[in-house]
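*Asks:* Position 26 (the sequence shown) corresponds to 26 in full-length UniProt numbering; numbering is contiguous. Ideal placement from N, C-alpha and C gives every residue a C-beta, glycine not left out. Since the model is a prediction, treat every value here as computed from it, not as a measurement.
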Amino acid sequence: MVARWSRGRASGSLRKRCTAELAQLDLRPGAEIQAVIDQVGDRRGRPVRLVPFDLPVAAPEGFLIATGDEDFIVFERRAVPLYQRQIVLHEVAHLLFQHETETVLAEDAIAMMMPSLDPGLVKRVLGREHTNSVAEQEAELLASMMGQRISPWSPDRSWDVVPEDRELVERLVRALGRADHPGTR
Numbered sequence: 001m002v003a004r005w006s007r008g009r010a011s012g013s014l015r016k017r018c019t020a021e022l023a024q025l026d027l028r029p030g031a032e033i034q035a036v037i038d039q040v041g042d043r044r045g046r047p048v049r050l051v052p053f054d055l056p057v058a059a060p061e062g063f064l065i066a067t068g069d070e071d072f073i074v075f076e077r078r079a080v081p082l083y084q085r086q087i088v089l090h091e092v093a094h095l096l097f098q099h100e101t102e103t104v105l106a107e108d109a110i111a112m113m114m115p116s117l118d119p120g121l122v123k124r125v126l127g128r129e130h131t132n133s134v135a136e137q138e139a140e141l142l143a144s145m146m147g148q149r150i151s152p153w154s155p156d157r158s159w160d161v162v163p164e165d166r167e168l169v170e171r172l173v174r175a176l177g178r179a180d181h182p183g184t185r
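(1) So D26 and Q34 are in contact, right, with Cβ under 8 Å, and what is the actual spacing, rounded?
(2) Kindly indicate which residue of P29, R28, E76, P60 has the alpha-carbon position closest to the one of L50.
(3) Using the three-state DSSP reduction, which class does R174 fall into: helix, strand or coil?
(4) Taking the beta strand (DSSP E) that residue 187 belongs to, which residues open and close that run?
(5) Determine which residues share a DSSP beta bridge with A66 and list them.
(6) Let me know if V88 comes out buried or exposed under the rule of 16 or more other beta-carbons within 10 Å of its beta-carbon.
(7) Between which two residues does the alpha helix (DSSP H) holding V88 run?
(8) Going by alpha carbons, who is nearest to A143 out of G12, C18, P52?
(9) Taking a contact to mean a Cβ-Cβ separation below 9 Å, would you say G30 touches D71 in this structure?
(10) When DSSP builds the beta bridges, which residues end up paired with V48?
(11) Give the straight-line distance between the Cα atoms of R44 and E136, rounded to the nearest whole angstrom.
(12) Once the 5 residues before and after T147 are set aside, which same chain residues still bring their CB inside 8 Å of it?
(13) Per DSSP, what kind of secondary structure is E21 in: helix, strand or coil?
(14) Is V48 buried or exposed, if buried means 16 or more other CB atoms sit within 10 Å of its CB?
(15) Among the candidates R46, A58, F63, whose CA atom is the shortest distance from the CA of P52?
(16) Using 9 Å as the limit for Cβ to Cβ distance, is Q34 near chain C?
(17) Hey, E21 and L96: beta-carbon distance below 9 Å or not?
(18) So for E138, helix, strand or coil by DSSP?
(19) Exposed or buried, what is V36 when buried is set at 16 or more other beta-carbons lying within 10 Å of its beta-carbon?
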């Protein structure tokens, strides 16, 4: 039996929307995440700030806080760097698509439970549903596409080795049983 991924009805239009959004960005291989953030901030006309934070276990790994004049992307400080990048790019995608949040708590309930926080701010942070919604699919796909653009994967498994290390690397490759590995050039 061969397993196949199937595409839902929305996947073609989802991919088209993400491709169109990606085309509006000037992302180059090797770009740093801060360059992406700065570009999105310029496009939105307001700064976007990254906030690494030790989030509680039950919390999302990342979320947005939009104030009157700037956006904050809060992300899990303890995540591995590659996953941090995906979290940040996912939140960037929400900014680019201007995804709306849904109210999960009434303002009076927020005011009673968290009196020191602005109810509107809390609703924006907690309001986006973290499920398999179209907005979440869109954000995840665009995040992956942006990540691929700035750091493309290649099936070429060879790499340049400085001459003084070539012998050592070749011995290691042979010792690990990969004498057929093209590994070094």
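*Replies:* Reading off the structure:
(1) Taking the first residue of the sequence shown as 1, we reach residue 26 at position 26. Taking the first residue of the sequence shown as 1, we reach residue 34 at position 34. With a Cβ gap of about 14 Å, D26 and Q34 do not count as contacting.
(2) The residue given as residue 50 occupies position 50 in the sequence shown. The shortest Cα separation from L50 among P29, R28, E76, P60 belongs to E76.
(3) Locating residue 174 in the sequence shown gives position 174, counting from the first residue. Residue state for R174 is assigned as helix, using DSSP reduced to three classes.
(4) With the chain running from 1 to 185 in the structure shown, residue 187 is simply not present.
(5) For the purposes of this step, residue 66 is identified with residue 66 of the sequence shown, where counting begins at 1. Within the DSSP secondary-structure output, A66 pairs in a beta bridge with D71.
(6) Taking the sequence shown and counting its residues from 1, the one referred to as residue 88 is at position 88. Taking all protein chains in view, the Cβ of V88 is crowded by 16 or more other Cβ atoms within 10 Å, so the residue is classified as buried.
(7) Here the question's residue 88 lines up with position 88 in the sequence shown. Segment 81-97, the alpha helix (DSSP H) holding V88.
(8) Residue 143 sits at position 143 when you count from the first residue of the sequence shown. The residue with the shortest Cα to Cα distance from A143 is C18.
(9) Taking the first residue of the sequence shown as 1, we reach residue 30 at position 30. Taking the first residue of the sequence shown as 1, we reach residue 71 at position 71. No, the pair does not count as a contact, with Cβ atoms beyond the cut-off.
(10) As a first step, residue 48 is located in the sequence shown; it is residue number 48 there, counting from the start. The partner list for V48 (beta bridge, DSSP) reads D71.
(11) Residue 44 sits at position 44 when you count from the first residue of the sequence shown. Residue 136 sits at position 136 when you count from the first residue of the sequence shown. R44 and E136 have their C-alpha atoms some 20 Å from each other.
(12) Within the sequence shown, the letter at position 147 stands for residue 147. Reading off the sequence, residue 147 comes out as Gly, not Thr. Cβ-Cβ distances below 8 Å link G147 to R85, Q86, L89 in the same chain, with the five nearest sequence neighbours on each side left out; the list follows chain order.
(13) Your numbering for residue 21 matches position 21 in the sequence shown. If DSSP states are grouped into helix, strand and coil, E21 belongs with the helices.
(14) Looking up residue 48 in the sequence shown gives position 48. Residue environment for V48: buried (at least 16 other C-beta atoms within 10 angstroms of its C-beta).
(15) Locating residue 52 in the sequence shown gives position 52, counting from the first residue. Nearest C-alpha to P52: F63.
(16) Within the model displayed, chain C is absent; a lone protein chain is all it includes.
(17) For the purposes of this step, residue 21 is taken as the residue at position 21 of the sequence shown. For the purposes of this step, residue 96 is taken as the residue at position 96 of the sequence shown. Yes. Within cutoff.
(18) One-based indexing of the sequence shown puts residue 138 at position 138. Correct three-state label for E138: helix.
(19) Working through the sequence shown from its first residue, we reach residue 36 at position 36. With 16 or more other Cβ atoms inside 10 Å of its own Cβ, V36 counts as buried.
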